[in-house]
Amino acid sequence: MAEIQRLRCTVDTDDNYNLYDEQWDINVLTGALKMFFRELKEPVFTFRLYPRFIEAVKKESRKEKVSAFRSAVADLPRCNHATLKLLFQHLRRVMEASHKNRMQPQNIGIVFGPTLLWQQDSGEGLAVQTMLQNRIVEFILIEYTELFN
174 MAEIQRLRCT VDTDDNYNLY DEQWDINVLT GALKMFFREL KEPVFTFRLY PRFIEAVKKE
234 SRKEKVSAFR SAVADLPRCN HATLKLLFQH LRRVMEASHK NRMQPQNIGI VFGPTLLWQQ
294 DSGEGLAVQT MLQNRIVEFI LIEYTELFN
């Protein structure tokens, strides 16, 4: 955690920081990225669209899911859409190297689900909500091309 805070301080104060510097290993970079998203006042998926993503992931057929997700993704604010498109493009590259890093879609969902979307009010069923958040990230990873192109 200290290394993540050090990276954060460097990024905040030094315009000439270099993320390729050997001092920043992959775990520090990933931790800093997750911390950035967790500390946002509103998740990238937005509070307003959260229920639509939850409903989309509950759809029975792939076709229904893709349609519901595509609609929700299209309704994201422009900067949120661009951020998620770039992030998921990167996470797909991570997923494609799963034979080396063990980061299959399910594992990426576990890592990034609760980081990228959460309810405004905690409400009931935290475990169920977390599982659905994970599945949302997993589905978007798998169907990235259908949803963002």
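Quick note on numbering: this note's numbering labels position 116 of the sequence shown as 289, and the sequence is numbered without any gaps. Ideal Cβ positions, reconstructed from N, Cα and C, are used throughout, including at glycine.
(1) For V267, I'd like the list of residues in its chain whose CB is within less than 6 Å of its CB, leaving aside the five on either flank, ordered along the chain.
(2) For V217, report the span of its alpha helix (DSSP H) as first-last.
(3) May I have the straight-line CA-CA distance separating G298 from L305, to the nearest angstrom?
(4) Quick one: Cα of F220 to Cα of A300, how far?
(5) Determine whether the Cβ of Y223 lies closer than 8 Å to any Cβ atom of chain B.
(6) Alpha carbon to alpha carbon, how far is E319 from F312? Give it in angstroms, no decimals.
(7) In the DSSP assignment, the alpha helix (DSSP H) including E195 goes from what residue to what residue?
(8) What separation, rounded to the nearest whole angstrom, lies between the Cα atoms of Q292 and T186?
(9) Should I199 be labelled buried (16 or more other beta-carbon atoms within 10 Å of its own) or exposed?
(10) Distance check for I177 and F261, CA to CA, integer angstroms please.
(11) Taking all protein chains shown into account, decide if A245 is buried (16 or more other Cβ within 10 angstroms of its Cβ) or exposed.
(12) May I ask you to report which of helix, strand or coil DSSP gives D294?
According to the structure data:
(1) Reading the sequence shown from its first residue, position 94 is the one you call residue 267. If we look at V267 and ignore the five residues flanking it on each side, its Cβ neighbours are M276.
(2) Along the sequence shown, one-based indexing puts residue 217 at 44. If you look at V217, you'll find it isn't in any alpha helix (DSSP H); DSSP assigns it neither H nor E.
(3) Stepping through the sequence shown from its first residue, residue 298 is reached at position 125. Stepping through the sequence shown from its first residue, residue 305 is reached at position 132. Cα-Cα distance, rounded: 11 Å.
(4) In the sequence shown, counting from the first residue as 1, residue 220 sits at position 47. In the sequence shown, counting from the first residue as 1, residue 300 sits at position 127. Approximately 18 Å, taken between the alpha carbons.
(5) Included in the structure is just one protein chain, with no chain B present.
(6) One-based indexing of the sequence shown puts residue 312 at position 139. One-based indexing of the sequence shown puts residue 319 at position 146. Spanning the two alpha carbons is a distance of roughly 11 Å.
(7) The count along the sequence shown starts at 1 and reaches residue 195 at position 22. Where E195 is concerned, there is no enclosing alpha helix (DSSP H), given that its DSSP letter is neither H nor E.
(8) Taking the sequence shown and counting its residues from 1, one reaches residue 292 at position 119. Taking the sequence shown and counting its residues from 1, one reaches residue 186 at position 13. So the alpha carbons of these two residues sit roughly 32 Å apart.
(9) Along the sequence shown, one-based indexing puts residue 199 at 26. When all chains shown are included, I199 counts as exposed.
(10) The residue you call residue 261 lines up with position 88 of the sequence shown. The residue you call residue 177 lines up with position 4 of the sequence shown. Cα to Cα, F261 sits roughly 22 Å from I177.
(11) For the purposes of this step, residue 245 is identified with residue 72 of the sequence shown, where counting begins at 1. Buried, because 16 or more other Cβ atoms sit within 10 Å of the Cβ of A245.
(12) As a first step, residue 294 is located in the sequence shown; it is residue number 121 there, counting from the start. D294 falls in the coil class under three-state DSSP.
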